[in-house]
Amino acid sequence: MSNRLPVDRIVADDGSEGWKVSPGGLVTALEPVMRSSDGAWVGWAGQPDLELDPFDYDGMRLVPVQLSKRDVEQYYEGFSNDTIWPLYHDVIAPPTYHRVWWDRYVAVNRRFADAVLDIVEADGTVWVQDYQLQLVPQMLREARPDLTIGFFNHIPFPPYGIFAQLPWRKEILEGLLGADVIGFQRQSDASGFARAVRHILGHVTTPTIEVPVADDDAAATGRSKKGRTVRRVLAKAFPISIDAEQYAEMARRPDIQARAKQIRQELGNPTTIMLGVDRLDYTKGIRHRIKAFGELIADGALEVGEVTLVQVASPSRERVETYRQLRDEIELSVGRLNGDHGTMEHAPINYLHHGYPREEMVALYLAADVMLVTALRDGMNLVAKEYVASRNDERGVLVLSEFAGAADELKQALLINPHDIVGLKRAIVHAAGMEPREQQRRMRALRKRVLEHDVARWSSSFLTALAATRHPEQVPAVL
Ligand code: GDG
């Protein structure tokens with residue numbers, strides 16, 4: 000179950016309607032699992048007020064949950080994207096607390112839970128994805144203690160002092176604790192969650208979280224040291240990844256390699272192409288990146304024409320006010336930099352407010368000598384892993400924020416603190432001038448990590464841990 004179904008509705012010019020799979024890591028990760036386990040995917044089809052029956056698409060059973068325009072405004076754009084998102088990302092933007100948004104979040108979570116309850120078999124397994132659906136595990140648990148329930152949080156879990164702001168902090172923790180396994184991107188997220196549970200609910204949290212239940216509760220899995228009946232909940236890091244082999248394969252395609260060369264030519268054959276690829280989101284540190292790059296151009300440390308920054312900022316959440324403001328700020332600073340330092344032939348920044356096909360993204364990864372990932376806070380950041388997986392040639396330098404989950408794994412990147420503009424500038428200069436031998440040494444190690452720890456490994460390790468919590472006898476050999 001996820002907020003969005005893994006398909007987008009398309010209406011052709013002749014008015015005929017159809018679906019296409021939305022490209023994304025989650026689909027890639029779960030498609031094989033769904034096919035092999037006779038599962039169904041429950042989620043919203045992406046358009047308000049669309050009444051749809053369950054349907055089969057591309058070998059998957061899809062079960063749509065209907066959302067009204069008001070649901071989208073209050074549950075999705077409101078509570079999910081303007082309360083939880085900024086709160087869980089270190090309050091980079093101030094979260095908004097509205098009681099009507101919360102009420103709607105509860106109601107919509109209930110609707111998602113009901114959609115599952117209609118179809119799930121006895122002793123079935125439900126895997127709930129992400130921050131829009133944090134109350135669903137408890138709703139399912141209460142209705143059906145026989146279920147095995149997993150939850151995966153794709154975004155960070157905040158430190159206690161920040162989480163404690165949330166007026167509904169107790170309800171959110173209780174909602175999540177309906178699961179048997181709660182997965183996080185980083186170990187620090189899992190510890191932050193356990194700390195919040197200890198402080199707010201007073202449960203024992205080491206090594207597993209002990210949730211007290213009634214003596215006759217079918218979901219009970221053990222006894223606490225004091226002899227109380229408890230359910231044991233595992234909160235642990237399962238860092239998500241990508242289908243790395245798919246990126247490596249695309250990067251071997253002659254048409255994509257030719258496109259990478261063409262991109263360099265079209266940019267006027269600069270010595271160094273730097274690249275940023277992000278949803279246009281305040282968590283991604285796009286402004287910090289542009290500031291550092293702009294100062295290097297202004298200082299003369301980087302020369303216009305020699306170096307170009309390509310910034311793909313794909314449109315995102317355009318109905319949320321903070322996102323509109325961010326777009327204005329970024330476009331103002333890009334325009335100013337290009338106006339101050341551009342020439343007839345060259346602009347320092349090539350700014351693209353579009354989404355592109357995946358082939359084009361891989362061509363950009365191949366063209367880029369330096370990849371800039373400067374997130375202020377990010378659950379994982381798949382772009383960093385995609386760049387690495389695409390570089391079969393073992394060239395290119397990844398500059399990576401230590402505040403992205405990927406930094407725990409990609410230690411041979413140039414790790415930076417995006418708030419430290421001086422340090423960021425130093426890393427950009429280091430990256431631009433890095434000798435091929437050092438590039439190769441670092442990239443080889445990064446590739447080993449990403450190719451071995453791919454998304455199939457992520458989903459199987461989560462599902463193995465989930466099966467082990469309630470049905471140890473069914474656990475397959477360690478994958
Ligand atoms: C959330 C968490 C976590 C972007 N522009 C285009 C495009 N993309 C693709 C990228 C990448 C994906 O979108 C973005 O993934 P990220 O991980 O970088 O960031 P979020 O969207 O914020 O994702 C994040 C993730 O969930 C998974 O758990 O890593 O921390 O915030 O795959 O390539 N793809 C195409 N055209 C674009 O213009 N085709």
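In numbering that gives the first Met the number 0, the protein residues as written are 0 to 478.
Glycine included, every Cβ here is placed at the ideal spot set by N, Cα and C.
8 angstroms contact criterion, which residue i and residue j should meet: CB distance rounded
i: Asp70; j: Val107; result: 5 angstroms
i: Arg168; j: Ile199; result: 6 angstroms
i: Gly182; j: Asn152; result: 7 angstroms
i: Arg390; j: Pro435; result: The pair is not a contact, with the Cβ atoms about 12 angstroms apart (cut-off 8 angstroms).
i: Gly404; j: Met379; result: 4 angstroms
i: Ala250; j: Val361; result: 6 angstroms
i: Phe480; j: Met0; result: Since the first residue shown for the chain is 0 and the last is 478, residue 480 is missing from the structure and cannot be characterised.
i: His345; j: Gly267; result: 6 angstroms
i: Pro253; j: Glu305; result: Not quite, the Cβ-Cβ distance comes to about 28 angstroms (not below 8 angstroms), so this is no contact.
i: Ile118; j: Val62; result: 6 angstroms
Alpha carbon of residue i to alpha carbon of residue j, nearest angstrom
i: Arg326; j: Pro347; result: 19 angstroms
i: Val125; j: Asp419; result: 43 angstroms
i: Arg8; j: Tyr56; result: 12 angstroms
i: Asn2; j: Ala374; result: 24 angstroms
i: Glu120; j: Pro136; result: 16 angstroms
i: Ile255; j: Tyr355; result: 14 angstroms
i: Ala193; j: Gly45; result: 33 angstroms
i: Asp145; j: Val212; result: 14 angstroms
i: Val229; j: Thr220; result: 6 angstroms
i: Lys19; j: Val10; result: 10 angstroms
i: Val303; j: Val105; result: 52 angstroms
i: Ser458; j: Asp102; result: 32 angstroms
i: Val387; j: Val449; result: 7 angstroms
i: Gly17; j: Lys68; result: 22 angstroms
i: Val428; j: Ala300; result: 8 angstroms
i: Thr204; j: Glu50; result: 43 angstroms
i: Leu414; j: Ser313; result: 24 angstroms
i: Arg520; j: Arg222; result: Nothing about residue 520 can be read from this structure; the chain reaches only from 0 to 478.
i: Pro417; j: Leu423; result: 6 angstroms
i: Gly160; j: Ala236; result: 21 angstroms
i: Val64; j: Leu462; result: 24 angstroms
i: Gln133; j: Gly42; result: 14 angstroms
i: Val210; j: Pro158; result: 21 angstroms
i: Ala39; j: Met59; result: 7 angstroms
i: Ala297; j: Ala234; result: 47 angstroms
i: Ala466; j: Gln184; result: 19 angstroms
i: Val421; j: Met370; result: 18 angstroms
i: Gly174; j: Gln131; result: 12 angstroms
i: Gly320; j: Lys225; result: Here the sequence assigns Glu to residue 320, which means Gly is not the residue at that position. Spanning the two alpha carbons is a distance of roughly 51 angstroms.
i: Pro155; j: Thr282; result: 11 angstroms
i: Ile148; j: Thr207; result: 16 angstroms
i: Leu25; j: Gln439; result: 30 angstroms
i: Asp188; j: Ser35; result: 31 angstroms
i: Leu336; j: Ala28; result: 40 angstroms
i: Val127; j: Met433; result: 43 angstroms
i: Val180; j: His202; result: 16 angstroms
Distance cut-off 7 angstroms: residue i Cβ against heavy atoms of the ligand GDG
i: Asn380; result: yes
i: Asp377; result: yes
i: Val398; result: no
i: Met360; result: yes
i: Arg278; result: yes
i: Gly354; result: yes
i: Glu385; result: yes
i: His198; result: no
i: Gly404; result: yes
i: His153; result: yes
i: Val309; result: no
i: Ser313; result: yes
i: Ile239; result: yes
heavy atom of the ligand HEM below 7 angstroms from residue i C-beta
i: Arg357; result: For the ligand HEM, the structure offers nothing, since it holds only the ligand GDG.
Minimum Cβ-Cβ distance from residue i to chain D less than 8 angstroms
i: Leu308; result: The structure shown has no chain D; it contains just one protein chain.
Cβ contact (3+ pairs, closer than 8 angstroms) linking the segment 302–310 and the segment 261–275: Contact holds: three or more Cβ-Cβ distances are below 8 angstroms.
Length-filtered (4 minimum) alpha helix (DSSP H) runs lying within the segment 162–206: Within the segment 162–206, the complete alpha helix (DSSP H) runs of at least 4 residues are 168–175 and 186–195.
Beta strand (DSSP E) runs wholly inside the segment 368–396, at least 3 long, in chain order: DSSP runs (the beta strand (DSSP E)) wholly in the segment 368–396: 369–372.
Touching by the beta-carbon criterion (3+ pairs, under 8 angstroms), the segment 81–100 and the segment 160–176: By the Cβ test, the segment 81–100 is in contact with the segment 160–176, since at least three Cβ pairs between them sit closer than 8 angstroms.
In chain order, what are the residue ranges of uninterrupted alpha helix (DSSP H) at least 4 long that sit wholly in the segment 19–92? The DSSP assignment places complete alpha helix (DSSP H) segments of no fewer than 4 residues inside the segment 19–92 at 24–36 and 84–87, in order along the chain.
Could you say if the segment 241–260 and the segment 448–460 meet the contact criterion of at least three C-beta pairs nearer than 8 angstroms? Taking 8 angstroms as the limit for Cβ pairs, the verdict is that the segment 448–460 does touch the segment 241–260.
Kindly provide the ranges of any alpha helix (DSSP H) runs that are 4 or more residues long and lie completely inside the segment 284–335, ordered along the chain. The qualifying runs are 285–298.
Counting Cβ pairs closer than 8 angstroms, one from the segment 284–299 and one from the segment 437–444, do we hit at least three? No, because fewer than three Cβ pairs between the segment 284–299 and the segment 437–444 fall closer than 8 angstroms, the two stretches do not touch.
Output the residue ranges of the beta strand (DSSP E) runs that lie fully inside the segment 416–474 and measure 3 residues or longer, sorted by chain position. If only uninterrupted beta strand (DSSP E) runs of at least 3 residues are considered, none is enclosed by the segment 416–474.
Alpha helix (DSSP H) runs wholly inside the segment 122–147, at least 4 long, in chain order: Taken in chain order, the complete alpha helix (DSSP H) segments of 4 or more residues contained in the segment 122–147 are 135–142.
At 4 residues or longer, and completely inside the segment 213–285: list those alpha helix (DSSP H) runs for me, N to C. If we require 4 residues or more, the alpha helix (DSSP H) runs fully inside the segment 213–285 come out as 243–251 and 253–265.
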